[in-house]
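Asks: Number 205 in my numbering belongs to position 117 of the sequence shown; there are no gaps in the numbering. Have a look at this one.
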Amino acid sequence: LSERELGSDIVIWPIQFTAAGNNLEELYEAIDVNTKNIREFLSGKGIDKEEISFATPSITDKSAQQYGNQAKAEFRYTAVQTLTVYSKDIDSVRKVMGQLSELGKKGIVFTGGNYQSQTEYLFTRLNEIKPEMIEEATRKAREVAEKFASDSKSTLGKIRKATQGQFSINARDKNNPHIKKVRVVSTVEYYLSD
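Right, dumping it as structure tokens:
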């Protein structure tokens, strides 16, 4: 077994907001204003403009829906817009995440908690640490085997069979998804002689 706790090296932060109205043209204008305000806010906090992208807004026309409650909705149109920050500067982005509520004062309604708006943290340096971790797992397997042989008053022989498990990369815990636990298990069988 070899385990390491390492920081992620890429963050993907989707920022999703909603808007509603009865006039489609005004709704698109509101989306444009909110998108501009969010981009300016992020840039003002040090996030590079090249790290910010946005998708086409998703518009729902409630009067065109053929299902659900037939009661008249307060607003005919609802829109969802997503801006995405893709950055290698994890610490700066995490700092800005805590300040996003400042934009709520400008009337921007953020959506959260759904799958599309979850922040992702990626660890992409596995190939850099893989040889060292395999070596450590193999060395630890031998140490355990030597202890087992010693306890049973046997002599440890050559390797009979060895398998390396898959590497796993998971969040250390749910409160620190930017810290990754990288793990590999090597299984090594040795010959023992009395």
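We put the CB at the ideal spot given by N, CA and C, even for glycine. Since we're looking at a predicted model, the values are computed, not measured.
In this structure, how does DSSP classify Ile-267 when only helix, strand and coil are distinguished?
Replies: Mapped onto the sequence shown, residue 267 falls at position 179. Ile-267: strand per DSSP, three-state reduction.
Asks: Would you mind giving the Cβ-Cβ distance between Ala-167 and Ile-119, rounded to the nearest angstrom? I have them listed as a contact below 8 angstroms.
Replies: In the sequence shown, the residue the question calls residue 167 occupies position 79. In the sequence shown, the residue the question calls residue 119 occupies position 31. That pair is a contact at about 6 angstroms.
Asks: State the Cα-Cα distance for the pair Glu-113 and Val-273, rounded to the nearest angstrom.
Replies: For the purposes of this step, residue 113 is identified with residue 25 of the sequence shown, where counting begins at 1. For the purposes of this step, residue 273 is identified with residue 185 of the sequence shown, where counting begins at 1. Each residue's alpha carbon lies about 58 angstroms from the other.
Asks: Going by C-alpha to C-alpha distance, which of Ser-175, Lys-268, Arg-182 and Tyr-165 sits closest to Gly-109?
Replies: Within the sequence shown, the letter at position 21 stands for residue 109. Of the listed residues, the one whose Cα sits closest to Gly-109 is Tyr-165.
Asks: As a quick exercise: from Asn-111, Thr-123, Ile-147 and Ile-103, pick the residue whose alpha carbon is nearest that of Met-185.
Replies: Within the sequence shown, numbered from 1, the residue matching residue 185 stands at position 97. Met-185 has its Cα closest to that of Ile-103, out of Asn-111, Thr-123, Ile-147 and Ile-103.
Asks: Could you work out which residue in Asp-97, Glu-93, Lys-241 and Pro-145 is closest to Tyr-209 when comparing CA atoms only?
Replies: Sequence index remark: in the sequence shown, residue 209 carries index 121 (1-based). Out of Asp-97, Glu-93, Lys-241 and Pro-145, Asp-97 has the C-alpha closest to the C-alpha of Tyr-209.
Asks: Three-state secondary structure (DSSP) at Ile-135?
Replies: In the sequence shown, the residue the question calls residue 135 occupies position 47. Reduced to three states, the DSSP call for Ile-135 is coil.
Asks: Tell me which residues share the same chain as Ala-237 and place their Cβ nearer than 7 angstroms to its Cβ, disregarding the 5 neighbours each side in the sequence.
Replies: The residue you call residue 237 lines up with position 149 of the sequence shown. Once the five neighbours on either side are set aside, the close Cβ partners of Ala-237 are Thr-243, Leu-244 and Leu-280.
Asks: Verify whether the separation of the beta carbon atoms of Arg-92 and Arg-227 is less than 9 angstroms.
Replies: Residue numbering aside, residue 92 sits at position 4 when the sequence shown is read from its first letter. Residue numbering aside, residue 227 sits at position 139 when the sequence shown is read from its first letter. Cβ distance not < 9 angstroms, so Arg-92 and Arg-227 don't count as in contact.
Asks: Within the same chain, show all residues whose beta-carbon is closer than 6 angstroms to that of Asp-282, passing over the 5 residues directly before and after it, in chain order.
Replies: The residue labelled residue 282 in the question sits at position 194 within the sequence shown. So the list reads Ser-242, once near-sequence residues are dropped.
Asks: To the nearest angstrom, how far is the alpha carbon of Glu-139 from that of Glu-128?
Replies: Here the question's residue 139 lines up with position 51 in the sequence shown. Here the question's residue 128 lines up with position 40 in the sequence shown. Cα to Cα, the separation comes out at about 13 angstroms.
Asks: DSSP on Glu-93, reduced to helix/strand/coil?
Replies: As a first step, residue 93 is located in the sequence shown; it is residue number 5 there, counting from the start. The answer is strand: DSSP assigns Glu-93 an E or B state.
Asks: Scan the region 150-189 and note each continuous beta strand (DSSP E) run of 3 residues or more that stays entirely inside, going in chain order.
Replies: List check, beta strand (DSSP E) in window: 165-175.
Asks: Per DSSP, which one or two residues make a beta bridge with Asn-258?
Replies: In the sequence shown, counting from the first residue as 1, residue 258 sits at position 170. According to DSSP, Asn-258 bridges with Lys-269.
Asks: Would you list the residues sitting across from Glu-208 in a DSSP beta bridge?
Replies: Sequence index remark: in the sequence shown, residue 208 carries index 120 (1-based). Bridge partners of Glu-208: Ile-100.
Asks: In the DSSP assignment, find the unbroken beta strand (DSSP E) run with Lys-194 in it and report its ends.
Replies: Position 106 of the sequence shown holds residue 194. Taken as a continuous stretch (DSSP letters only), Lys-194 belongs to no beta strand (DSSP E), as it is neither H nor E.
Asks: Do Ala-143 and Asn-122 have their C-beta atoms closer together than 9 angstroms?
Replies: One-based indexing of the sequence shown puts residue 143 at position 55. One-based indexing of the sequence shown puts residue 122 at position 34. It is not a contact, given that the beta carbons lie outside the stated cut-off.
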